[in-house]
Amino acid sequence: MNNDCINSIINSMVSFPIRPVTVDCVLFDYDRVLLIRRGHEPFKGYYALPGGFVEVSESVENACCRETQEETGVVVRSLRLVGVYSDPARDTVRHTVAIAFLGDADLSTLRAGDDAEQVALVADWRTVPLAFDHRHIIEDAWALAQGAQRVQHAR
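Take the sequence shown: its position 45, counting from 1, is numbered 44 in numbering that gives the first Met the number 0, and each next residue is one higher.
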């Protein structure tokens, strides 16, 4: 690679700031949702969806499964895309872009791990304080899950 090409790449990187990509996993058990209680700031002590940063050379799907297992002990069997969440105000530390998934898993193996103080199936997720924009993500996943159930019952 010549110096002009390298300088062009470096200048492009300066022009386009890096925004970390994160993943969030929504797992329902009827009307309850799997949440962790955060052990670190921001939002230390708040309920949050299991998730975290995507590592270099990792797909977002693999990151979602890895983060969920690290934080909750749950092995995710399948994922459906819920949406991409990119409001600059969603994270109080820096602008992140989150990719949220609706997962399917056996929820009988719950154990808090990694940076989660606690893991729980929470029934009153509509009213408890949640970190980041996780209520919005859960509401979107709930609508997606309910739509899928209606389609299955209609057949």
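We put the beta carbon where it would ideally sit given N, CA and C, even for glycine.
- For the options R93, Y46, D114 and R79, the alpha carbon positioned closest to that of Q68 is the one of D114.
- With a 10 Å radius around the Cβ and a threshold of 16 neighbouring Cβ atoms, E70 comes out buried.
- Nearest C-alpha to H39 among E116, C24 and A142: E116.
- In this structure, G72 and G102 do not form a Cβ contact; the two beta carbons are roughly 14 Å apart against a cut-off of 8 Å.
- With respect to A99, Y84 sits close: the two C-beta atoms are nearer than 8 Å.
- Exclusion of the five residues before and after V118 leaves I35, T71, L109 and A111 as the residues of its chain whose Cβ lies within less than 6 Å of its Cβ.
- Residue burial annotation: E66 is buried, with at least 16 other C-beta atoms found within 10 angstroms of its C-beta.
- Looking at the DSSP output, A104 sits in a beta bridge with V75.
- Under the DSSP definition of a beta bridge, G82 partners with A99.
- Contact fails between the segment 123-130 and the segment 50-57, because fewer than three Cβ pairs, one in each stretch, are under 8 Å apart.
- DSSP lists T21 as the bridge partner or partners of F52.
- For A115, the enclosing beta strand (DSSP E) begins and ends at A115 to V121.
- From the listed residues V81, C64 and A88, the smallest Cα separation to V75 is found for C64.
- Only residues of its own chain outside the window of five on either side were considered, and among them R18 and P87 have a CB closer than 6 Å to the CB of H94, listed in chain order.
- Taking the Cα positions, L78 is about 29 Å away from P16.
- Beta-bridge annotation (DSSP): D28 is paired with R31.
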